[in-house]
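Undergrad: Take a look at the following structure, please.
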Amino acid sequence: MNLLSRPDLIDRLAAAYALGTLRGGARRRFEELARRSPAVRVQVQVWQERFMSITELQHAQAPDANVWKRIENVIAAEGRPAAAPAAAPASPAETLLRALGLWRLGAVVGAVATVAAVAVALNLRGDLQGTQTELAQLQQQGRMLAQQNATLTAQLAAQPDIRYVSVLHDDKATPTMLVTYDPKHNTLTLKRVGSYQEAGDKSLQLWAIPAAGAPRSLGVMGADAVAKLAAAEQVVGQSPLLAVSLEPKGGVPGEGGPTGPVIFKGAVLQTPL
Numbered sequence: 001m002n003l004l005s006r007p008d009l010i011d012r013l014a015a016a017y018a019l020g021t022l023r024g025g026a027r028r029r030f031e032e033l034a035r036r037s038p039a040v041r042v043q044v045q046v047w048q049e050r051f052m053s054i055t056e057l058q059h060a061q062a063p064d065a066n067v068w069k070r071i072e073n074v075i076a077a078e079g080r081p082a083a084a085p086a087a088a089p090a091s092p093a094e095t096l097l098r099a100l101g102l103w104r105l106g107a108v109v110g111a112v113a114t115v116a117a118v119a120v121a122l123n124l125r126g127d128l129q130g131t132q133t134e135l136a137q138l139q140q141q142g143r144m145l146a147q148q149n150a151t152l153t154a155q156l157a158a159q160p161d162i163r164y165v166s167v168l169h170d171d172k173a174t175p176t177m178l179v180t181y182d183p184k185h186n187t188l189t190l191k192r193v194g195s196y197q198e199a200g201d202k203s204l205q206l207w208a209i210p211a212a213g214a215p216r217s218l219g220v221m222g223a224d225a226v227a228k229l230a231a232a233e234q235v236v237g238q239s240p241l242l243a244v245s246l247e248p249k250g251g252v253p254g255e256g257g258p259t260g261p262v263i264f265k266g267a268v269l270q271t272p273l
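For the sequence shown, the positions run 1 to 273 when full-length UniProt numbering is used.
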């Protein structure tokens, strides 16, 4: 069972832990959970402060000097031997008065105990409300931090990881196209940097030229200034040269290699990590 999904159970365990009634293996397991969860530690601290506040309700009172004097007189009187006269039997009226005095004393003690209990309850209620507010604020901050962390993680995952770069140029060594490769997303990005524009019935097709073997088609470009093509890192990384050929509209099958003229080409460079 996931205790963190049961805040009511966590609250009871924290109270038992702070009071000292949680023992043995249960106490050790709860301590291990508290080390891993800030929310559990907050609950334990809340209950510890509640129990500590109970002892602060009554302030220490110094006894009056006359009290000590009477105590000394009683002790001195007990030290002197004296024959005590036999006590006369109490009359019914005296017995009734004594019982009435005890009843009044019990009523006073009960009233004082009731007032003390109400004071403790009010104090605990105020502490509980304040702690619940603080806990809600901490939980809200935790949710905000988790959301920010998720946003940053998504942004980092979306950032391209450029590992290969190639500048393609024409037969006059004029740059015409910038090609970058992101192995994290297996994406080739081609950006036109020159003024060349193919005719409407033609297409530009990108080829990977390996050190040995036939060229491999990497895809056909559209008329946009920027194009993205899917490619495997093994193909790009093992091809020292990229080339662009002018083909019929839609390109040609990749198995046979270029059928039109190769108008752009450039070396593939690996960027440092």
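We put the CB at the ideal spot given by N, CA and C, even for glycine.
1) Within 10 Å of its beta-carbon, does residue 213 have 16 or more other beta-carbons around it, so buried, or fewer, so exposed?
2) Classify residue 236 as helix, strand or coil using the three-state DSSP reduction.
3) What separation, rounded to the nearest whole angstrom, lies between the Cα atoms of residue 139 and residue 159?
4) Measure the beta-carbon distance from residue 176 to residue 189 and round it to whole angstroms, keeping in mind my assumption that it falls under 8 Å.
5) Should residue 203 and residue 220 be called a contact, given that it needs their Cβ atoms to be closer than 9 Å?
6) State yes or no: is the C-beta of residue 51 within less than 9 Å of the C-beta of residue 14?
7) Could you give the C-beta distance for residue 33 and residue 40, rounded to a whole number, given that I count them as a contact under 8 Å?
8) Would you call the stretch 228–242 and the stretch 254–262 touching, i.e. three or more CB-CB distances under 8 Å?
9) Could you spell out the range, first to last residue, of the alpha helix (DSSP H) harbouring residue 9?
10) Could you tell me the distance, in whole angstroms, from the CA atom of residue 191 to the CA atom of residue 135?
11) Measure how close the beta-carbons of residue 260 and residue 247 come, nearest whole angstrom, since I'm counting them as under 8 Å.
TA: Taking the structure as given:
1) Residue environment: residue 213 is assigned as exposed (fewer than 16 neighbouring CB atoms within 10 Å of its CB, all protein chains considered).
2) Three-state DSSP puts residue 236 in a helix.
3) Distance between the alpha carbons of residue 139 and residue 159 is about 30 Å.
4) So it is not a contact: roughly 15 Å between Cβ atoms.
5) Going by C-beta atoms, residue 203 is nearer than 9 Å to residue 220.
6) No, the pair does not count as a contact, with Cβ atoms beyond the cut-off.
7) Going by Cβ atoms, the distance from residue 33 to residue 40 rounds to 6 Å, so yes, they are a contact pair.
8) Touching, no, given that fewer than three Cβ pairs across the two stretches are closer than 8 Å.
9) 7–19 is the span of the alpha helix (DSSP H), which, as asked, contains residue 9.
10) Rounded to the nearest angstrom, the two C-alpha atoms are 53 Å apart.
11) Under the criterion of beta carbons closer than 8 Å, residue 260 and residue 247 qualify as touching, at roughly 5 Å.
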